[in-house]
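Colleague:
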Amino acid sequence: MLLIPCPWCGPRDEIEFHYGGQAHVAYPEDPAALSDEEWARYLFFRDNPKGRFAERWSHSAGCRRWFNVVRDTATNEIHAVYRIGEPRPVIA
Amino acid sequence: MTSRPGEVVRFRFDGRDYEGRRGDTLAAALLANGVRRVSTSVQLGQPRGIFSAGGEEPNALVQIETPFPEPMLPATTVEICDGLVATGLPGKGRLADRPDPARYDTVHAHCDVLVVGAGPAGLMAAAEAARGGARVILADERPAPGGSLLGTAEAVDGLPGRRWAAERAAELDGLADVRVLCRTTVFGHYDDNYLVAVERRTNHLGAAAPATTARERIWRIRARRVVHATGAHERFPAFAGNDLPGVMLAGAARTYVNQYGVRPGRRAVVLTTNDTAYPAALDLAAAGIEIAAIVDVRQAPGEEWARRCAERGIDVLTGHVVTAARGAGELSSVVVAPEDGGQARDVPADLLLVSGGWTPVVHLFSQAGGTLRFDEEIGAFVPGDTQARDVRLAVEVAGSARGVPTLSGCLRDGAEAGRRALAAAGFAVPDQAPPPAVEDEPAAAPARHLWLVPAADGDGDDYREHFVDLQRDVTVADVLRATGAGLRSVEHVKRYTTAGTAHDQGRTSGLLTSAITAHALGLDVADLGVTTFRAPYAPVSFAALAGRDRGHLHDPVRVTAMHDWHVARGAPLENVGQWKRPWYYPLDGEDMTAAVLRECRAAREDVAMMDASTLGKIDVIGPDAAELLDRLYTNMMSTLPVGSIRYGVMCRPDGMVFDDGTVIRLAEDHFLATTTTGNAAAVLDWMEEWLQTEWPSLRVHCTSVTEQWATVALVGPRSREVLAGLAPGLDVGNASFPFMTWRDAEVAGIPARVCRISFSGELAYEINVRSWYGLALWEAVNAAGVTPYGTETMHVLRAEKGYPIIGQDTDGTVTPQDLGMAWVVSKKKADFIGKRSFSRADTVRPDRKQLVGLLPEDTGRLLPEGVHLVEPGGTRALGHVTSGYRSAALGRTFALALISGGRERVGERLHAAMGEEMIPVTVTHHVLYDPEGARRDG
Ligand SMILES: [Zn+2]
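Residue numbers (the UniProt record's numbering), protein chains in the order written: chain G, 1 to 92; chain X, 1 to 938.
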């Protein structure tokens, strides 16, 4: 079970969190202006990398806040945690 | 063996009474009584004996009958107690046929250093970590600390190893920040050093177990650093007949003699590939067991061992192998031959000790993500670099778990691992203490890694008696069949042969399986590798994992303020999410069908009431509340006047219906949204997700108020009259209190919010009061002569009107348009969640499944949910029934269904396929009752 450092509450067990998929997939500014394919990409297409991945988590059984995590999908190492709206940190 | 010291314990095995000694395992006690056949193998039905002295046991599985039935326990781990009744496992085990009365519990713990294994290395690691001030947990699966010292009886610091270990562990346990857990198996090492262990607290006490003590406890431990001092398991080579009772690991035989004072046989042959079988043979000889010969596959053993054997008069046959073990049902002789050919001899023996070397127990290390490397010296996989770039484990491995061969080495290695863990956990490391003193350790001669003893001509040369996995009855022939079938991966060989998939997870045989596979493929086992190690390391009962989360504590139960009334009225309860809701209220002699028809008639023809408190209620407040709701609902909420109510639907961005309910405008900046009963939490989460992640600038707060309100639905043509009587101050006229508006009023003297909402098509009200007035309101309404109805009648009434239930008539692939509710989708709003998807090619397909009504031609025939519909004579499923009921109002049965191109099929005749039977039905519009909506205003 991961130990996830919530930006508001500190490190807590994974069981307190809900996963929210890839981060930085913004709701399109004007969906009506998108082609079917562009809209379908927003709806259905997500990255699935082996390695570092910016993803959303919600501390659903804690402070109920959403935040972003950069996690290595191969090792589960968490490289960064940051608040919604903040840019993805640059990690060496 | 009756001369063994200790307290006598009486037990029963396979229908016979025996005596053992306190502290015996069942295996030790059986051997003491001369019982050699313990179980029957699962595939071949072969008799099997006791092969090991620990949790790695592949053979001696037993079924416990008393104190409580439990299947598949290794006799080598069951501690005997008075009154124990067990039987040898006849292949498969049997679960208890009655509920387990024992309690199980869970402990959450944190520590700086967790040490797994209280052998020489683990004790030293824990002692060093504790000396540096760390919070330490030391866990060991056996009843006593000491690990290998228990079986080898080597001395440490001038004390018998067992005593030295007990004293060290007691010292540690006396420290405030150290916890020593015996009978505790760490079975899983998960991410971020989260380890799970099971502690067996009362099994060894039998009937004397205090009822107030949990039988087992699951420990969930988060550790800064972990020291794996998990030891090593002895392995064996494959040779013909190696499954016979009487064949035993050399170290295990040594343990029976030293730890339990039990002689596992009278005359033994020893087959070995390394030096460690020599002290075992010498200990057995000292205990009075005749050692017929040591068969060493090497050209020479360590010089000191050869000397001690000569001194004792033990014959050492170097360059020899055991080509077969023989006997009818158990071992009676051993065939010994020079490896390079030559005359074979049949040596009478009832015990054959085997040692093929020692395999480090790397299960937890591997589970934690550690990679393994092959160590040529010990001929086994050992933990690799813990600090490799893509691994970086907060783990140290110590002692024989990483291939350290000697006691002195393990003691030193453990202390060093403890110090490394201490430093890594951020503690100052104290000055090094001198290592404990041990006896002289003879210089070891190199081991030889022999996996397979080729069969002698005509004697087991089909390799069907060369066992690889004893518990799964997998032989060398089976492995060869797998490689012959083209399998190249050891993972595939495992699945093809089932080797390594039994109770013992191939602890003594996993490496052998890989080695035989590699041999067959002409590869090096170092390159082929071993199969993945997965948790749990040892079997764990579901009862232990469930802990206290059983029975009524399994899941929270939610009830409304009126619950006791429903129960007192004899209403069966329906589970809706975590809620218990009254299903129907049977009168004397009524069955469900009669009760529901009566309740439906009351609602349609007279007046009826339902407890609607479980509907989710979310308070949405803030200057941008209307804007948020406009974005989430498909229809317009910002234009709703204060005092009015609007029905709304929420979709996912893909356009599929997610939830529905009503929205009440309480003030310019204040709404109350209701949700379906089962979806309340999900809708609140949904609102929060959009607010926090996409629209943080919206000034809105969303709060669940479901439990703050109790709601009574008052339904039927006489509902206005009843409400007027209960609320004399409320103007209930249709013009002054129209449909889809709400009013504050006093109802039965209780402050209430009355909403004119209908989920039945009838004139209806929902009276909301603070939840603690719920029962008073309910009783007052009921006293006005109103018939109570439950969820089943509610379902029938809404279905007659074609109102879908989200999650019953929809499944996440249904749009509002599919439900015939295009009217709820705003054309005016520039955007809302889901809007863009309504113009996707997929959502405008004319053959989408659409909600329709179905009328069976046999008007008494009820269609169950899920039944598929086909064209007469056709086979393609057009869709399925989502709801089916008997209707009092229609005087017949009916159903709702999702059918491909359903609206175009109205009037068509289809078949509902019930197995072989085809039930003719006619497709209708989904609104079957009062399609003009004439009954709404009473
Ligand atoms: Zn938090």
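Each residue gets a CB set at the ideal place from its N, CA and C atoms; glycine is no exception. Computed from a prediction, not measured in an experiment: that's the story for all the values here.
Which first and last residues belong to the alpha helix (DSSP H) in which Asn782(X) is found?
Modeller: Translated into positions along the second sequence, residue 782(X) becomes position 782. Residues 774-783.
Colleague: Counting only C-beta atoms, is residue 131(G) closer than 8 Å to chain X at any point?
Modeller: The structure shown does not extend to residue 131(G), since chain G is modelled only from 1 through 92, so no value can be given for it.
Colleague: Rounded to whole angstroms, what's the CA-CA distance from Thr2(X) to Ala280(X)? Just pull it up for me.
Modeller: As a first step, residue 2(X) is located in the second sequence; it is residue number 2 there, counting from the start. As a first step, residue 280(X) is located in the second sequence; it is residue number 280 there, counting from the start. Low confidence applies to Thr2(X): its pLDDT is 47, below 50, so where it sits in the model is not reliable, and the reading given next is rough at best. Taking the straight line joining both Cα atoms gives about 23 Å.
Colleague: Mark Val178(X) as exposed unless 16 or more other C-beta atoms lie within 10 angstroms of its C-beta, in which case mark it buried.
Modeller: Mapped onto the second sequence, residue 178(X) falls at position 178. It is buried - the Cβ of Val178(X) has at least 16 other Cβ atoms within 10 Å.
Colleague: Please confirm whether Ala169(X) and Gly414(X) have their CB atoms less than 8 Å apart.
Modeller: One-based indexing of the second sequence puts residue 169(X) at position 169. One-based indexing of the second sequence puts residue 414(X) at position 414. The answer is no: Cβ separation not under 8 Å.
Colleague: Under a three-way DSSP split, which group does Met656(X) fall into?
Modeller: Within the second sequence, the letter at position 656 stands for residue 656(X). It is coil, neither helix nor strand.
Colleague: If we count the other Cβ atoms within 10 Å of its Cβ and call it buried at 16 or more, is Leu934(X) buried or exposed?
Modeller: Along the second sequence, read from residue 1 onward, the residue named residue 934(X) stands at position 934. Sequence check: residue 934(X) is Ala here, not Leu. Result: exposed.
Colleague: Do you know whose CA, among Thr675(X), Glu689(X), Arg604(X), Asp611(X), lies nearest Tyr929(X)'s CA?
Modeller: Counting from 1 along the second sequence, the entry for residue 929(X) is found at position 929. The residue with the shortest Cα to Cα distance from Tyr929(X) is Arg604(X).
Colleague: Give a yes or no on whether the C-beta atoms belonging to Thr513(X) and Asp457(X) are separated by under 8 Å.
Modeller: Working through the second sequence from its first residue, we reach residue 513(X) at position 513. Working through the second sequence from its first residue, we reach residue 457(X) at position 457. For Thr513(X) and Asp457(X), no; Cβs fall outside 8 Å.
Colleague: Can you give me the start and stop residues for the beta strand (DSSP E) that Arg345(X) sits inside?
Modeller: For the purposes of this step, residue 345(X) is taken as residue 345 along the second sequence, with counting starting at 1. That run of the beta strand (DSSP E) goes 345-348.
Colleague: Based on Cα-Cα distance, which residue from Ile291(X), Asn258(X), Val257(X) lies nearest to Val269(X)?
Modeller: Counting from one through the second sequence, the residue named residue 269(X) turns up at place 269. Per the Cα distances, Ile291(X).
Colleague: Considering only the beta carbon of each residue, do Val227(X) and Val404(X) sit closer than 8 Å?
Modeller: Within the second sequence, residue 227(X) is the residue found at index 227, counting from 1. Within the second sequence, residue 404(X) is the residue found at index 404, counting from 1. By the CB criterion at 8 Å, Val227(X) and Val404(X) fall outside the cutoff.
Colleague: Have a look at Glu55(G) and Trp8(G) and give me their C-alpha separation to the nearest angstrom.
Modeller: Numbered from 1 along the first sequence, position 55 holds the residue referred to as residue 55(G). Numbered from 1 along the first sequence, position 8 holds the residue referred to as residue 8(G). Rounded to the nearest whole angstrom, the CA to CA distance from Glu55(G) to Trp8(G) is 17 Å.
Colleague: Mapping DSSP to helix, strand and coil, what is Leu2(G)?
Modeller: Along the first sequence, read from residue 1 onward, the residue named residue 2(G) stands at position 2. Three-state DSSP puts Leu2(G) in coil, outside helix and strand.
Colleague: From the DSSP output, read off the bridge partner residues of Thr583(X).
Modeller: The residue you call residue 583(X) lines up with position 583 of the second sequence. Here residue 583(X) is Trp; the residue named in the question, Thr, does not match the sequence. Per DSSP, none; premise fails for Trp583(X).
Colleague: Helix, strand or coil: how does DSSP classify Asp413(X) here?
Modeller: One-based indexing of the second sequence puts residue 413(X) at position 413. Correct three-state label for Asp413(X): helix.
Colleague: Consider the Cβ of Tyr537(X): report whether some Cβ of chain G lies at a distance smaller than 8 Å.
Modeller: For the purposes of this step, residue 537(X) is taken as residue 537 along the second sequence, with counting starting at 1. For Tyr537(X), the nearest beta carbon of chain G is not closer than 8 Å to its own beta carbon.
Colleague: Can you tell which of His701(X), Pro264(X), Ala764(X) has its C-alpha closest to the C-alpha of Arg64(G)?
Modeller: In the first sequence, counting from the first residue as 1, residue 64(G) sits at position 64. Checking every option, the nearest Cα to that of Arg64(G) belongs to His701(X).
Colleague: When a residue counts only if its C-beta is closer than 7 Å to some heavy atom of ligand 1, which residues count, in chain order?
Modeller: Cys6(G), Trp8(G), Cys9(G), Arg12(G), His59(G), Gly62(G), Cys63(G), Arg65(G)
Colleague: Contact check, Gly34(X) vs Arg21(X) under 8 Å by CB: the rounded distance?
Modeller: Indexing the second sequence from 1 puts residue 34(X) at position 34. Indexing the second sequence from 1 puts residue 21(X) at position 21. Taking a contact as a CB-CB distance under 8 Å, the pair Gly34(X) and Arg21(X) does not count as one, their CB atoms being some 15 Å apart.
Colleague: Check whether chain G comes within 8 Å of Arg756(X), counting only Cβ atoms and requiring the distance to be less than that.
Modeller: Along the second sequence, read from residue 1 onward, the residue named residue 756(X) stands at position 756. Not an interface residue.
Colleague: Chain X partners of Arg71(G), CB-CB under 8 Å?
Modeller: Position 71 of the first sequence, counting from 1, holds the residue named residue 71(G). Neighbours of Arg71(G) on chain X: none; closest Cβ ~10 Å, over 8 Å.
Colleague: So is Asn193(X) buried or exposed if we call it buried at 16+ other beta carbons inside 10 Å?
Modeller: As a working mapping, residue 193(X) is identified with position 193 in the second sequence. By the neighbour-count criterion, in which a residue is buried when 16 or more other Cβ atoms sit within 10 angstroms of its Cβ, Asn193(X) is buried.
Colleague: Chain X partners of Asp36(G), CB-CB under 7 Å?
Modeller: Counted from its first residue, the first sequence places residue 36(G) at position 36. Near Asp36(G) (Cβ distances below 7 Å), the residues of chain X are Arg840, Ala841.
Colleague: Tell me whether Arg601(X) sits in a helix, a strand or coil according to DSSP, three-state version.
Modeller: One-based indexing of the second sequence puts residue 601(X) at position 601. Note: Arg601(X) maps to helix in three-state DSSP.
Colleague: Based on Cα-Cα distance, which residue from Glu857(X), Asp654(X), Leu640(X) lies nearest to Tyr42(G)?
Modeller: As a position in the first sequence, residue 42(G) is number 42, starting the count at 1. Answer by Cα proximity: Asp654(X).
Colleague: Take the Cβ of Thr813(X) as the centre, count every other Cβ of all protein chains shown within 10 Å, and call the residue buried at 16 or more, exposed below.
Modeller: Reading the second sequence from its first residue, position 813 is the one you call residue 813(X). Under this definition Thr813(X) is an exposed residue.
Colleague: Measuring alpha carbon to alpha carbon, tell me which of Thr882(X), Glu904(X), Ala912(X) ends up nearest Glu871(X).
Modeller: Taking the second sequence and counting its residues from 1, the one referred to as residue 871(X) is at position 871. The shortest Cα separation from Glu871(X) among Thr882(X), Glu904(X), Ala912(X) belongs to Ala912(X).
Colleague: Counting C-beta neighbours from all protein chains within 10 Å, is the total for Lys17(X) 16 or more, i.e. buried, or is it exposed?
Modeller: Counting from 1 along the second sequence, the entry for residue 17(X) is found at position 17. Sequence inspection shows Asp at residue 17(X); the Lys mentioned does not correspond to that position. With fewer than 16 Cβ atoms within 10 Å of its Cβ, Asp17(X) is classed as exposed.
Colleague: Please state whether DSSP places Gly853(X) in a helix, a strand or coil.
Modeller: On the second sequence, position 853 is the one that residue 853(X) refers to. Note: Gly853(X) maps to strand in three-state DSSP.
Colleague: Please report the straight-line C-alpha distance between His233(X) and Asp275(X), rounded to a whole angstrom.
Modeller: As a working note, residue 233(X) is residue 233 in the second sequence. As a working note, residue 275(X) is residue 275 in the second sequence. CA-to-CA, the gap between His233(X) and Asp275(X) works out to about 15 Å.
Colleague: Counting pairs of Cβ atoms below 8 Å between the region 913-926 of chain X and the region 848-866 of chain X, do you hit three or more?
Modeller: In short, these stretches touch, since the Cβ pair count reaches three.
Colleague: Mind checking if Lys835(X) is an interface residue toward chain G, Cβ cutoff 8 Å exclusive?
Modeller: Translated into positions along the second sequence, residue 835(X) becomes position 835. With 8 Å as the cut-off, Lys835(X) counts as an interface residue toward chain G.
Colleague: Fully enclosed by the region 410-466 of chain X, which alpha helix (DSSP H) runs are 4 residues long or longer?
Modeller: none
Colleague: Under 8 Å by Cβ, that's how I've got Gly648(X) and Met637(X) pegged, so tell me the actual separation to the nearest angstrom.
Modeller: As a working note, residue 648(X) is residue 648 in the second sequence. As a working note, residue 637(X) is residue 637 in the second sequence. With a Cβ gap of about 6 Å, Gly648(X) and Met637(X) count as contacting.
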